[in-house]
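Below you'll find the structure, written out as structure tokens, and then a few comments.
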Amino acid sequence: MTEKVIIVEGSSDRKRIAPLLDEPIDIICTNGTASPTRIEELLEPYEGADIFAFFDADRSGEKLRALLRREYPEARHLYTDRVYREVATTPLRVLAEELLSANIEIKTEFLL
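Counting with UniProt numbering, you get residues 1 to 112 for the letters of the sequence shown.
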């Protein structure tokens, strides 16, 4: 288990974020699932880890964000600008800066 985990909506979000990371962090997908039971099942192996939520800036993302706030109030929420709407379509530099602001190590080439 890693010390940090990022929870995202889908595999396209995971594929967009993974190359930026310069430390071992698991990225898990909800695949749009928004039930407390499913979130608990996904995050159970990460008990004690720092949880980061990075959801789209849309209705489904806000629904997941609200659920995670309720079930895991200690989770840190990362945001993409509504202009980009989805994590998967957000420019890499913008994603890198948001991750870096959460003290997540990012590969240098994404910060230039």
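No residue lacks a Cβ here, since even glycine has one placed at the ideal position from N, Cα and C.
Who does K4 pair with in a DSSP beta bridge? D50
Can you say whether L111 is buried or exposed, counting buried as having 16 or more other CB atoms within 10 angstroms of its CB? exposed
Pull up the distance between the alpha-carbon of S35 and that of L67, whole angstroms please. 8 Å
Under a Cβ-count criterion, where at least 16 other Cβ atoms within 10 Å of its own Cβ denotes burial, should E40 be classed as buried or exposed? exposed
Alpha carbon to alpha carbon, how far is R93 from E3? 24 Å
Three-state secondary structure (DSSP) at D22? coil
Measure the Cβ-Cβ separation of I7 and T37 and say whether it is below 8 Å. no
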